[in-house]
Amino acid sequence: MDSQKISVSRLVIKALVLFVVLNLVFAALDLTPAIGRLTLYNWLLPGRERLPYGDDPMSAYNLNLYNLEAMFASHKVAGRPKAVDEFRVLVIGDSAVWGFLLAHEDTLTGALNAADLRTADGRRVVFYNLGHPTISLTKDLMILDYAMQYDPDLILWPVTLEAFPISKQTSSPLVQNNADRVRALIETYGLPLDSNSPDFEEQDFWSRTIIGQRRNLADILRLQFYGFMWAATGIDVYISEEIDLRAVDLEAGEEYAGLQPPELRTDDVAFEVLAAGVRRAGDVPVLIVNEPIFVSDGANSEIRYNSFYPRWAYDDYRVLLQGKAEQHGWAYVDLWQVVDNSEFTNTPIHLTPQGTLQLADAIMAELRDAFDLQP
Amino acid sequence: MTLTQIFIFAALGLAAGRFYKVISRGWLLFAASVLAVFWLQTASLIRSLPFLFPVASLGLAALVWSLTLPKEYTGSKEDGWAAGALGGLVLLVAATRYIEAASGLLAVRPPQIEFAVIVVATLALVGFVGYRLGRGRGLLLNGVALLIIAVLIIFKFEPLGRMASSGLRTLTRQDAGLASSFDLGWLGFSYIAFRLIHVLRDRLGGRLPQVSLRDFVTYIVFFPALTAGPIDRVERFTPQSHGEFKLGGEHLFAAGQRLTIGLFMKFVLADGLAFFALNAANAWQTESAGWMWVLLLAYTFRIFFDFAGYTHIAIGLGILFGVVLSENFDRPYLKQNITAFWNSWHMTLAQWFRAYYFNPLTRWLRTRGVRVWLIILVSQLTTMALIGLWHGITWNFLAWGLWHGVGLFVHNQWVQFSKARPGGVDPNLAQPLGVAATFAFVTIGWVWFALPGPQDAARVFGVLFGMN
């Protein structure tokens, strides 16, 4: 009986010790990023057309996660070394770029790729959707910083005022859960952001153990499993049959992101982040695009363009952005009104497939003029 | 069962040795099983149902026990204690309504204690009347068996389930317009019903051993086997559920092995495959035959790992409490023919149908002078159709059952045919070919099982075989 008791307690103790040691080693080596790179995509499963994001994973075969390594490892951009005849364009930005409520073939990059553009020397222009459905220039910068390893020839960066306010820079969960990366960017580019923002999800030693990382590890695993349905169906977004359209009749308020009229000042918005992005791209040209917005003609439309923007703030933003672009010599095009009002879906920046085609046409005109990319 | 519930049961099993000093194993298993019926019961939108379903499970168990007692039974102290303990435990559960710390232990708050007292008193009265008047009466035993089957049909047939839900909602003054068969989630009833029918039939056949109320209730609602079987036999189970037991190294090793395999099968393999196993939604979203086969294969392995995983968990937990439950799976996807498959897939269900439907039917048909091949055809088809319908009364479950019935009949005829003509296929070739053919047959059959309607199945077959 005693020997049995001893063997039972030994078994339990050994198992516990092994588990503790594994956790400590896992945390010491900070293995989660390495595990994120382990992927079924781009060899067993086709790479995704856009970064993982999904509010309804079971229907979208897609999910939200914060591990950039895993997100990029699942994207087709990570699966293909750039071919000799490829001109690679990375498209970063918000949910309008990602293609909220749009099938991947109907997104901006889908429309641009369908146009089958060529460079003057005959290279195929291939656009990669690296948008992510949260609005923050800092989030875009972080994605750009990571994506530069994929050897782009051009960066296309559609933006809208919502991504600019300083107060919104760290509100994206993707930013909050990648505090170390963002801090490095703040330091490198001297960004006017608080490195110790309470928005950041801090990671101590214990949160890097297997137990601390269980949610992230489960997300990485789920991303692989959903890859099978992505491969089988080509579905990566859930599009509800009934969509609540963007508001036409608007609230009367003129405040914007805690700012009051009459004037939007340069230091209210994060132009430094935009500048950092251009610096990070180095020799790779960046085309900044001011995204189209819905312009309401309903109640209070004399003081607001839409539910996002009071007129004073948006008008000032356009003037400021134009000025910055001229000052720094950025490639910039303002396309705020190139899409018909009927082609906006649930927010003032989300487009229908038809609206996306209108935007793509306008962008292609700019690409033709500025970069000599022709259909 | 959730992971948390499994770990709590396992911890209880590890610690049970200490309790045996205070309370005997038979009583501990009884009390734990009775309380677990309430704990495991899932929520329902119909008021009080998550309390009444477990009470009904226990009430039915007690009623069937009293009806199946031998006529010469004159009562025993232990059974009296068991009846008292059963009522007391139900009231104890009801009393948690008033204990803040106990809120959250059950899926929903129990009803008022007055209501629980009335329910317990009613059941006690029914049990007493059954005991005094009904013991061993064939008509009554058959009547109760039919009643159980009728309830099973209501729960398995969506329109009837919706009607029942509507009635219950009206009784509880809830919106009958929201009635749904999903309201009627009676945990483990499919298994409880088959255990009860087995007992009733064996009593009628004079094969039932006398069992104490305590052991009988434990047999019906033994918590490791409540949610997904196996459907053990009472004479095999009850001798194990009481008496001396000391958890030793060999038990711990066996239980640990079973639990590890079961948890891995269920929560890693099955739950992982569930992400892309065939279902009603992805059946219409998938256009390529290759990927449709992948989804179907994922379902094929998912259902095995899910079910076999639960069985390993149930057996592992049982071992910790000194009860070795029946095996339910024996590498079914590696069997050489469909008959061998059904001897190794959900074995206790197949054995149940063999004992209480197939064998009696074939015996009866023989006495009617029906030709042998026709007896086999009718028996196989109807048995498998019933096994299909046990999962739910739908066209697809029926088709799945008939598919297997035809398979079993064809295999039977093939065996007869082969016997008459020795030689034939090289055995070295026959085995892998047989395994592959059986696996393909079973896999194709899962199309009906996985999908809710014939249109869904037709669509999947169309894609699988390039007929779209």
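Chains A and B are the protein sequences, given in the same order.
Position one of the first sequence corresponds to residue 1 (this note's numbering), numbered consecutively onward.
Position one of the second sequence corresponds to residue 1001 (this note's numbering), numbered consecutively onward.
We put the beta carbon where it would ideally sit given N, CA and C, even for glycine.
Only a predicted model underlies this, so the values are computations on that prediction, with no experimental measurement involved.
- By the criterion of a C-beta distance shorter than 7 Å, G277 (chain A) is surrounded in its chain by D140, L141, L144, W157, V286, once the five residues flanking it on both sides are discounted.
- Taking a cut-off of 8 Å for Cβ pairs, the region 1283–1294 of chain B and the region 1334–1344 of chain B do not touch, as fewer than three such pairs fall below it.
- With contacts defined as CB atoms closer than 8 Å, Y1310 (chain B) and G1256 (chain B) fail to qualify as a contacting pair.
- Straight-line spacing of the CA atoms in G1206 (chain B) and D1271 (chain B) works out to 44 Å.
- Chain-order list of chain A residues neighbouring Q1285 (chain B): T233, I235, by C-beta distance under 7 Å.
- Nearest CB-CB separation between F1264 (chain B) and chain A: not below the 8 Å threshold.
- Secondary structure note for W157 (chain A): its beta strand (DSSP E) is the uninterrupted segment 154–159.
- For the pair R304 (chain A) and L357 (chain A), the CB atoms are not nearer than the 8 Å cut-off.
- Boundaries of the alpha helix (DSSP H) harbouring L1058 (chain B): 1049–1067, taken from the DSSP string.
- If you ignore the 5 residues before and after D106 (chain A), its C-beta comes within less than 8 Å of the C-beta of G99, P353, T356, all in its own chain and listed in chain order.
- Chain-ordered listing is empty here: chain A has no CB closer than 9 Å to the CB of F1053 (chain B), the nearest sitting near 28 Å.
- Taking a Cβ-Cβ cut-off of 7 Å, M71 (chain A) has no neighbours in chain B, whose nearest Cβ is about 18 Å from it.
- Ranking B:M1265, B:P1360, B:V1151, B:A1457 by CA distance to the CA of A1056 (chain B) puts B:V1151 first.
- The beta carbon of T1362 (chain B) is closer than 7 Å to those of I1375, S1379 in its chain, skipping five residues each way along the sequence.
- Put simply, the CB of F228 (chain A) is near chain B, with a gap under 8 Å to one of its CB atoms.
- For W1291 (chain B), at least one C-beta of chain A is nearer than 8 Å to its own C-beta.
- The beta carbon of F72 (chain A) sits closer than 6 Å to the beta carbons of A78 from its chain, once the five residues preceding and following it are set aside; these are given in chain order.
- As computed with DSSP, E86 (chain A) is found in a beta bridge with A:R124.
- Leaving aside the five residues that flank F1305 (chain B) on each side, the residues in its chain whose CB is nearer than 8 Å to its CB run, in chain order, M1265, K1266, L1269, A1270, L1273.
- Within the same chain, and ignoring the five residues on either side of A1298 (chain B) in sequence, the residues whose Cβ sits closer than 6 Å to its Cβ are L1273, F1276, A1277.
- In the pairwise beta carbon analysis, the region 234–252 of chain A is classified as touching the region 55–71 of chain A: at least three pairs are separated by under 8 Å.
- With 16 or more other Cβ atoms from the protein chains shown falling within 10 Å of its own Cβ, D94 (chain A) counts as buried.
- Under the 8 Å criterion on CB atoms, L1295 (chain B) is classed as interfacial with respect to chain A.
- A residue is called buried once 16 or more other Cβ atoms fall within 10 Å of its Cβ, and N196 (chain A), having fewer, is exposed.
- According to the DSSP secondary-structure assignment, L45 (chain A) is paired through a beta bridge with A:Y41.
- If only uninterrupted alpha helix (DSSP H) runs of at least 4 residues are considered, those enclosed by the region 275–344 of chain A are 311–328.
- Closest in C-alpha terms to G1138 (chain B), from the list B:E1100, B:S1180, B:L1067, comes B:L1067.
- Contact holds between the region 1439–1455 of chain B and the region 1386–1406 of chain B, because three or more Cβ pairs, one in each stretch, are under 8 Å apart.
- Scanning chain A for C-beta atoms nearer than 8 Å to the C-beta of G1462 (chain B) yields nothing, as the closest lies near 16 Å away.
- Looking at the backbone, the Cα of P1454 (chain B) and that of D1079 (chain B) are separated by about 50 Å.
- Residue contact with chain A for F1321 (chain B): absent (no Cβ-Cβ distance below 8 Å to any residue of chain A).
- Taking the Cα of H1251 (chain B) as reference, the smallest distance to any Cα among B:L1171, B:V1324, B:T1286 is reached at B:V1324.
- Cβ-Cβ separation between L1464 (chain B) and L1296 (chain B): approximately 7 Å, consistent with a contact (criterion under 8 Å).
- Of the candidates A:N42, A:A163, A:G54, A:R124, A:A163 places its Cα closest to the Cα of N290 (chain A).
- For F164 (chain A), no Cβ of chain B is located within less than 8 Å of the residue's own Cβ.
- DSSP places H1346 (chain B) in the coil class of the three-state scheme, outside both helix and strand.
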